[in-house]
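Residue numbering for the sequence shown follows our numbering, beginning at 2 and increasing consecutively. Inspection log for the structure reproduced underneath, given as structure tokens.
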Amino acid sequence: MAVAGAALLILTQAGCVGPVGPMGPGMHRAGSGNPEDAPSPVPGASELVLTATEFAFEPSELRIRVGTTVNLTLVNRGLLYHDLSISDLGFVLTADPGERSSGAVTVTEVGRFTFVCSVPGHAEAGMTGTLVVEAES
Ligand SMILES: [Cu+2]
2 MAVAGAALLI LTQAGCVGPV GPMGPGMHRA GSGNPEDAPS PVPGASELVL
52 TATEFAFEPS ELRIRVGTTV NLTLVNRGLL YHDLSISDLG FVLTADPGER
102 SSGAVTVTEV GRFTFVCSVP GHAEAGMTGT LVVEAES
């Protein structure tokens, strides 16, 4: 049996983020209200902005280059709480209505990864999309 989920997510800067209390190196970047589970955005990396509404992501397809760090930004223009969850990568951004949050992601494997809003019912209502990780050109 091949090991599932071979894609590696490199959590730049954030290190080992877990529920076991604050363990950051004390280098808090300018706050964007990130929850503990999102890796900090990396200064200088390109940014991809994703808008959440009821009930859709815009755009519903994101394209990034393999091995390249990008900052994903979730902008919640809806009236409800939403998140951006890429379960295959263990990546989650959350945003209250009118808020935004950003996190860095680096995917080391070419492929297509589904993202959803993990609030019950939201994915079924249309809050899904695909992160396409393309080979280096
Ligand atoms: Cu949602």
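Backbone N, C-alpha and C fix where the C-beta goes; we use that ideal spot for every residue, glycine too.
Query: Val55 (DSSP reduced to helix, strand or coil); Result: The amino acid at residue 55 is misidentified as Val; the sequence shows Glu. Looking at Glu55 - three-state DSSP - the assignment turns out to be coil, as it is neither helix nor strand.
Query: His83 - partner residues in DSSP beta bridges; Result: Ala96
Query: Glu110 in three-state terms, based on DSSP; Result: coil
Query: Check: Ala57 C-beta below 7 Å from any heavy atom of ligand 1; Result: no
Query: Rounded C-alpha distance that separates Leu155 from Ala105; Result: Because the chain here runs from 2 to 138, residue 155 falls outside it and cannot be looked at.
Query: Proximity below 8 Å, CB of Pro60 to CB of Leu80; Result: no
Query: Closer than 7 Å: Val120 CB and nearest ligand 1 heavy atom; Result: yes
Query: Beta-bridge partners of Glu135, as assigned by DSSP; Result: Arg66
Query: Environment of Pro40 [buried if 16+ CB atoms lie within 10 Å]; Result: buried
Query: Segment limits, alpha helix (DSSP H) that includes Ala46; Result: Note, Ala46: premise wrong, no alpha helix (DSSP H); not H, not E.
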